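All remarks here apply to the structure that follows.
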Amino acid sequence: MNQSKELITDPVVAANQYTKYLGILGMLWVTFLLITVFTAVKTFSIGPFVLNIAILAYPFTYVFADIFTEVYGYRVTRRIVWTGFACVLAASIITYLYSIVPPSASYADNEAFSLIFKTSPAIALAAIVSFFGGEMTNSFVLAKMKIFTKGSTMWARLIGSTAAGQLVDNTLFFGVAFLAAGAFRLEELIPLTLNTAIFATAWEVLALPVTYRVIKFIKHKEGLDAYDKGTNFNPFALK
45 MNQSKELITD PVVAANQYTK YLGILGMLWV TFLLITVFTA VKTFSIGPFV LNIAILAYPF
105 TYVFADIFTE VYGYRVTRRI VWTGFACVLA ASIITYLYSI VPPSASYADN EAFSLIFKTS
165 PAIALAAIVS FFGGEMTNSF VLAKMKIFTK GSTMWARLIG STAAGQLVDN TLFFGVAFLA
225 AGAFRLEELI PLTLNTAIFA TAWEVLALPV TYRVIKFIKH KEGLDAYDKG TNFNPFALK
């Protein structure tokens, strides 16, 4: 007779457990995050809606963050977010330095190169502040809702946490990008913030069937289902 595998729910044990998939998921998360940072200055329209181009890639980071928190716990998500923070900072500094190196006489695209990467420190600041605030909000809400619901209604947890995280994320990003870089016009701020948050949350809803299956698969394979009871939710805590 097949016996169901008992999953580890202790968040401390889960955070220190050997894992098969966390490294792969973490690298994918950082990849989508970096894509967002270096493309976020572009906007496009769908009918009357003005959207940020990052809406095409950035929602993936929330799906991965949902997996991190739902399977491995808040501690692991916090650790990955800090790693992403360091990656974005390093990439922004290096690409900025590349942009100020005088080009060779044969290189004709330096102006276009500089246009993207010379703005990256300010945009990176906006991205760092916003993704940190958004991802931590998403993870906090998801972890708290999981405890409150005793692990039920995962669909409500995923959608609710994403909506909260996206609202914080986009408010911070467009606000900082406007103040620090002048990347957007004042009249664009509210429409961009609301439209991007709504579309990103809608994206989460559409991805829900896949996210559900991935989370269930990874929980079973890793033997983990962390419940963050007694967790220190300070985003700056080391443990």
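Each number in my numbering corresponds to the 1-based position in the sequence shown with 44 added. We put the CB at the ideal spot given by N, CA and C, even for glycine. Bear in mind that the values here come from a model prediction, so they are computed numbers and not experimental data.
May I ask you to list the residues that DSSP assigns as paired with residue i?
i, result
"F93", "I90"
"L268", "I52"
Leaving out five residues before and five after residue i in sequence, what residues of the same chain have Cβ atoms less than 8 angstroms from its Cβ?
i, result
"N46", "Note that N46 scores 41 on pLDDT, short of 50, meaning its location in the model is unreliable; the coordinates nonetheless yield the value given after this. So no residue of the chain qualifies."
"T259", "For the record, residue 259 in the displayed sequence is Ile; it is not Thr. Excluding residues within five positions, the ones whose Cβ falls inside 8 angstroms are D110, I111, E114, V115, M198."
"R122", "M180, S183, P279, A281"
"I203", "T245, E248, V249, L252"
"V99", "Reading off the sequence shown, one finds Ile at residue 99, where the question assumed Val. Cβ within range, chain order: T240, F243, A244, W247."
On the CB-based measure, 16 or more other CB atoms within 10 Å of its CB, does residue i come out buried or exposed?
i, result
"M198", "buried"
"Y256", "exposed"
"M71", "exposed"
"A134", "exposed"
"T193", "exposed"
"K273", "exposed"
"L169", "buried"
"P55", "buried"
"L216", "buried"
"K263", "buried"
Looking only at its own chain, which residues have a Cβ that is under 7 angstroms from the Cβ of residue i, when we skip the five neighbours before and after it?
i, result
"Y151", "none"
"F157", "S143"
"E266", "T63, K64, Y65, V115"
"S48", "Residue placement at S48 is poorly supported in this model, since its pLDDT is 48, which falls under 50; the coordinates are not used for a value here."
"T53", "D269, A270, Y271"
"V94", "T87, E232, P235, L236, N239"
"N96", "A84, T87, L236, T240"
Assuming the contact rule is C-beta atoms closer than 8 angstroms, residue i and residue j should be a hit. Round their C-beta distance to whole Å, please.
i, j, result
"F129", "F176", "6 angstroms"
"A244", "Y102", "7 angstroms"
"T275", "R119", "7 angstroms"
"M189", "S205", "7 angstroms"
"L78", "C131", "7 angstroms"
"A200", "G117", "About 19 angstroms separates the two Cβ atoms, so there is no contact after all."
Between which residues of its own chain and residue i is the CB-CB distance below 6 angstroms, once the five residues before and five after are set aside?
i, result
"V125", "E179"
"N154", "P147"
"G286", "This structure cannot speak to residue 286, because the chain is shown only from 45 to 283."
"V212", "G177, G178, T181"
Check whether the Cβ of residue i lies closer than 7 angstroms to any Cβ atom in chain C.
i, result
"F108", "In summary, chain C is missing from the structure at hand, where a single protein chain is found."
Next on the checklist: For a minimum of 3 consecutive residues, which ranges assigned as the beta strand (DSSP E) are wholly contained in the stretch 89–148?
Outcome noted: The beta strand (DSSP E) runs of length 3 or more contained entirely in the stretch 89–148 are, from start to end of the chain, 93–96.
Checklist entry - Which full runs of the alpha helix (DSSP H) of 4+ residues lie inside the stretch 152–219, going along the chain? => result 154–161, 164–192
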